[in-house]
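Protein chains in written order, with our numbering: chain A, 1 to 96; chain B, 97 to 192; chain C, 193 to 288; chain D, 289 to 384; chain E, 385 to 480; chain F, 481 to 576; chain G, 577 to 672; chain H, 673 to 768; chain I, 769 to 864; chain J, 865 to 960.
From the three backbone atoms N, C-alpha and C, an ideal C-beta is built for every residue, glycine too.
Protein chains: 10
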Amino acid sequence: MLFQVEMTVKLPPDMPAEQAAKIKATEKAYSQKLQDQGKWRHLWRVAGSYANVSIFDVEDNAELQKIVSGLPLFPYMEISVKPLCRHPSSIRDDDR
Amino acid sequence: MLFQVEMTVKLPPDMPAEQAAKIKATEKAYSQKLQDQGKWRHLWRVAGSYANVSIFDVEDNAELQKIVSGLPLFPYMEISVKPLCRHPSSIRDDDR
Amino acid sequence: MLFQVEMTVKLPPDMPAEQAAKIKATEKAYSQKLQDQGKWRHLWRVAGSYANVSIFDVEDNAELQKIVSGLPLFPYMEISVKPLCRHPSSIRDDDR
Amino acid sequence: MLFQVEMTVKLPPDMPAEQAAKIKATEKAYSQKLQDQGKWRHLWRVAGSYANVSIFDVEDNAELQKIVSGLPLFPYMEISVKPLCRHPSSIRDDDR
Amino acid sequence: MLFQVEMTVKLPPDMPAEQAAKIKATEKAYSQKLQDQGKWRHLWRVAGSYANVSIFDVEDNAELQKIVSGLPLFPYMEISVKPLCRHPSSIRDDDR
Amino acid sequence: MLFQVEMTVKLPPDMPAEQAAKIKATEKAYSQKLQDQGKWRHLWRVAGSYANVSIFDVEDNAELQKIVSGLPLFPYMEISVKPLCRHPSSIRDDDR
Amino acid sequence: MLFQVEMTVKLPPDMPAEQAAKIKATEKAYSQKLQDQGKWRHLWRVAGSYANVSIFDVEDNAELQKIVSGLPLFPYMEISVKPLCRHPSSIRDDDR
Amino acid sequence: MLFQVEMTVKLPPDMPAEQAAKIKATEKAYSQKLQDQGKWRHLWRVAGSYANVSIFDVEDNAELQKIVSGLPLFPYMEISVKPLCRHPSSIRDDDR
Amino acid sequence: MLFQVEMTVKLPPDMPAEQAAKIKATEKAYSQKLQDQGKWRHLWRVAGSYANVSIFDVEDNAELQKIVSGLPLFPYMEISVKPLCRHPSSIRDDDR
Amino acid sequence: MLFQVEMTVKLPPDMPAEQAAKIKATEKAYSQKLQDQGKWRHLWRVAGSYANVSIFDVEDNAELQKIVSGLPLFPYMEISVKPLCRHPSSIRDDDR
C-alpha cells in the first residue's frame, strides 16, 4: 500500500555541527535500509529546498507510523502524508 | 529531469454528463500516450479525493509546460509543481 | 484499517429542492448500508454546520477511495482524510 | 455530549529526554484513567505524525475544558475542538 | 451551555431583491423568537461587514445544531463555532 | 462602544512557574477591576484551549488600545479585534 | 475616531457593462459626498489592483457600519477593517 | 509617491527591559525626524495591538527600502507594503 | 522603477472560445507594445500553469496602475505586486 | 533553463553582529561569482523587506539545488521556487 510523504527539515541553526552530522548519517543509514527492503520506494530532493518527496510501500497505516516516527530527523521535520492508490488511467503495473 | 505535479479536478457540477465523459476519455488517452513515451513516469490517485500525484520526466521546463497545459482537464484543475532532483541518500538509480 | 474523513457539503443554492432531496436520500441509503457492513464505523454531525466527522474501517487505501468517491454527494463536498492507527496509550481493543 | 479533539504535540527539541519521558508517562496514566471512566471514548494516532484524534464524552463544555487543560502535555500541544452531535443518517446507537 | 457563533452572510448578487427580502424577514422573526426564549443570548453586527457575532445558550450540542441549521440564511452563510465556559477570572454570574 | 476581543495565551514553556503565577495573578486583578467598572463586559474561556472571548465596552478606539496594551499578559498573547455595533434584529437593549 | 478600511472589488465578469457603469457612478457620488463631509478622510487606489485603502473618521462603530454597508459596491467587495488610534510617536495633530 | 506600510512589532519576551526601552527611543526619534521631513506622512496605532499603519511619501522604491530597512525595530517586525496611487474618486489634492 | 508582478489567469470555463481567443489576441498585442516601449521588461510563463511572472519598468505607482488595470485580461486575473529596487550585491547595471 | 527564486532572510536577532557580517560577506561573494558566470541572472531587493527576487539560469533542477543549498544564508532563509519558460507573447530573445 502506497503513501506519499513530504518532509521538510528544520534543524535549529544553533545545533552543533557535529550533532547535526551525526543525525544526518543515522538518517541516511536508516533510509537506505528501508530502501533496500523495498519499503521506501522512492526518495527525491525538492530542488531549492531542504525537503524531500518520498513514496512508501507498507503493509498498513501502523507500519507507516512505525517507519516515519522512527526517522532520526522526525523531531525536526514538518511532515505531510497522502494515502495513494491505483489511478484508473495508469498503465504501470506497480503504481498500485 | 523530474517534476512532481499534483492535480485536483474541479468539474462544474452542472457540466452535462456526456461532456464530462468525453473530456475524461480524451484525458485518459492523452495520459496513457505520455506514460507509454516514458514522460509521465508515475500516476497515482490520492485516496478519498478527485486528485492525483504524478511524476513527470521531461527535457526541461518548457516541455513540462507543453504537457501540462495540453491536458484536456487543464481548465478544470488546480495544479501545483515541484522540481525534483536526486536525493543524496537515494539508492535507486532512476530516482535522478 | 481506520481513516478519519471529514466531509463538508456545499450544495449549490440554486439546486432544485427535489433534486437535493433525492441526492440526500440516496446518500443516506448508501451510508447506512456501509454502516451495516461495519465499513463506516462512526458518523457524527459537526454541530453548527453541514459537515460530518466519520471513521472508516477498510481493507486498504483502494477501498477507501472506492467508498468515498462513490458517495452520491461526492461532487458537492470538501473532503479531508487522515490515516489512523493504534495509539500506544489506548486501552480500547477496537481502536486499532 | 461528544467532542472531537485533535492534538499535535510540539515538544521543544532541547527538552531533556528524562523530562520528556516523565511528562509522557504522566500523560499516559492521565489518559488511561479518563478512558476507564468512559470520558475519553476514542484515542487514535494519526499515522506519520506526533498527533492524535480523540473523541470525548463529557457533561458539558466546562468538563471538556477541565479535562483538556489538565493534560500534562497541554502546554506543548496545538489543539482543535469540534462539537459533535447525532447525525440523522447514523444507525449506531451510541454515536449521539 | 454557551457557544460563540460567527456568521458571515454571502447572498448571491443575482438573487432577486424580493426573495432576499423575504429570507431576511423570516430570519429576523426566527432570531427574535430565539432571543425571546433566552436561547440566542447576544446578537451583534460586526461593524463594516455583513456578519454577526452571537452567543447562544443551549442545552447541548444537539440543540445548537438544531437552531443553527434551522436558520433561514443557513445555506448562504459561513459559520464558525466556539464552545465557551466560565473563565476563572470572570466576576459576572451569568458568564457561565 | 463594543468590541469583541479574542486572546490566545502563549507562555514560553520555560518561563519559571513562579513568574507565570505572578503574571496571571496580576492579570486576574487587572481584569476584575475592569469588569467592576463595566468596561470588560463579558469574559469567557474557549473550552479546550488557553484562550478567551471578551466583550469590551469603551469610549473609543483609544481606550480599547489603552486597556488591551495594558494587560500584563499582552506580550504573550495573540489578539484579534472586531468592532461591534447594534444588530437590526437584536431585541436586547444593551447589545448596542 | 479613525478606521482603516481596505476594499477589494469583485464584480462578476458577466455583469452588463451598463449596470457596472451605473453602480460605479453611484459609488463615486456616494464617496465624494462623504469626503466632502470629512467622514471619508483618505482614499487611495492600491497600484496594480481593483482595490483601495481608505481612512474613515466617524463618530463610532455604528456610523462606520452605516457608511460601509451603504456603499453601492458593498455586495461586490471583500472588506477588512482596522480600528486606529493615536500613535505615541506621531507628531501630526490630526492623526488621532 | 505613496506607500502604505503595516508593521507589527514582535520583541522577544526575554529582551532586557533596558535594551527594549533604548531601541524604542531610537525608533521614536528616527520616526519623528522622517515625519518632520514629510516622508513619513501618517502614523497610526492599530487599536488592540502592537502594530501600526503608516503612509510614506518617497521618491521611489529605493528610498522606501532605505527608510524601512533603517528602522531600529526592523529586525523585530513583520512588515507588509502596498504601493498607492491616486484614486479616480478622490477629491483630496494630496491623496496622489 | 521596477515592479515584479505575478498574474494568474482564471477564465470562466463557459466563456465562448471565440470570445476567449479575441481577449487573448488583444492581450498579446497590448503586452508586446509595452515590451517594445521598454515598460514591460520581462515576461515569463510559470511552467505547469496559466500564470506569468513579469518585471515592469515604470515612472511611478500611477503608471503601474494604468498599465496593469488596462490589461484586457485584468478582470479575469489574480495579481500580486512587489516593488523592487537595487540589491546591494547585484553586479548588473540595469537591475536597479 | 530559468527559475524564479524568492528568498526571505530570517536571521536570529541574537546572532552576534560579527558572525552576521561574516555570513553576509560570504553570501555576497558567492552571489557575485554566480552572477559573473551568468547563472544568477537577476537579483533584486524587494523594497521594504529583507528579501530578494532572483532569476537563475541553470542546466537543470540538480544545478538549481546545488546553487541554492550552497548559499551561506541557506539555513536562515525561507525560499520559494517557480520553474519558468518562454511566454508565447514575449518578444525578448533571452526570456526563454
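Could you check if residue i is buried or exposed, using at least 16 other CB atoms within 10 Å of its CB as the buried criterion?
i, result
"F:D573", "exposed"
"C:Q211", "exposed"
"H:I763", "exposed"
"J:D878", "exposed"
Using 7 Å as the limit for Cβ to Cβ distance, is residue i near chain F?
i, result
"E:W424", "no"
"D:Q320", "no"
"D:I367", "yes"
Ordered along the chain, which non-local residues of its own chain (more than five positions away) have a Cβ less than 7 Å from that of residue i?
i, result
"F:E558", "T488 and K490"
"E:V430", "N436 and V437"
"F:W520", "S511, L514, S534 and F536"
Distance cutoff 7 Å, beta carbons only. Does residue i sit that close to anything in chain D?
i, result
"E:D478", "no"
"C:L235", "yes"
"C:Q211", "no"
If you measure from the beta carbon of residue i to each beta carbon in chain G, is any gap under 7 Å?
i, result
"F:P563", "yes"
"E:R470", "no"
7 Å is my cut-off, CB to CB: does residue i come that close to chain C?
i, result
"A:M1", "yes"
"D:N340", "yes"
"E:L448", "yes"
"D:T316", "Reading off the sequence, residue 316 of chain D comes out as Lys, not Thr. Yes, D:K316 lies at the interface with chain C (some Cβ there is under 7 Å from its Cβ)."
My output table needs one value for residue i: the three-state DSSP class, helix, strand or coil.
i, result
"F:L553", "coil"
"I:E827", "coil"
"C:I271", "strand"
"C:L194", "strand"
"C:S241", "coil"
"C:S223", "helix"
"B:L139", "strand"
"B:L160", "helix"
Can you tell which of the options has the C-alpha that lies nearest to the C-alpha of residue i?
i, options, result
"G:P603", "G:G646, G:A593 and G:S656", "The displayed chain sequence assigns Glu, not Pro, to residue 603 of chain G. When each option's Cα is compared against that of G:E603, the closest is G:G646."
"F:A531", "E:P397, E:I439 and E:P467", "E:P467"
"J:P876", "H:C757, H:I763 and H:P747", "H:P747"
"I:D825", "I:R813, I:A815 and I:G806", "I:G806"
"H:W668", "G:K609, G:I667 and G:R662", "The requested residue 668 of chain H does not occur in the structure, where chain H is confined to residues 673 to 768."
"I:P840", "I:L832, I:I859 and I:Y798", "I:Y798"
"E:V389", "E:P472, E:A405, E:D479 and E:I451", "E:I451"
"E:I439", "F:Q545, F:H522 and F:K504", "F:H522"
"E:V472", "F:S569, F:Q515, F:V561 and F:P568", "Val is not the amino acid found at residue 472 of chain E; the sequence shown has Pro there. Considering only alpha carbons, the answer is F:Q515."
"I:S848", "G:S625, G:A638 and G:N637", "G:S625"
"I:E831", "H:R768, H:Q737, H:E735 and H:L736", "H:R768"
Does residue i get closer than 7 Å to chain A when you measure Cβ to Cβ?
i, result
"D:P301", "yes"
Any C-beta of chain J sitting closer than 7 Å to the C-beta of residue i?
i, result
"H:V740", "yes"
"B:D153", "no"
"I:I859", "yes"
Excluding the 5 residues flanking residue i on each side, which residues of the same chain have their C-beta closer than 8 Å to its C-beta?
i, result
"H:E731", "M673"
With a threshold of 7 Å between beta-carbons, can residue i be considered close to chain E, or not?
i, result
"D:D324", "no"
Between residue i and chain B, is any beta-carbon pair separated by less than 7 Å?
i, result
"C:P267", "yes"
"I:A815", "yes"
Using a Cβ-Cβ cutoff of less than 6 Å, which residues in the same chain neighbour residue i once the five nearest sequence positions on both sides are dropped?
i, result
"I:K792", "none"
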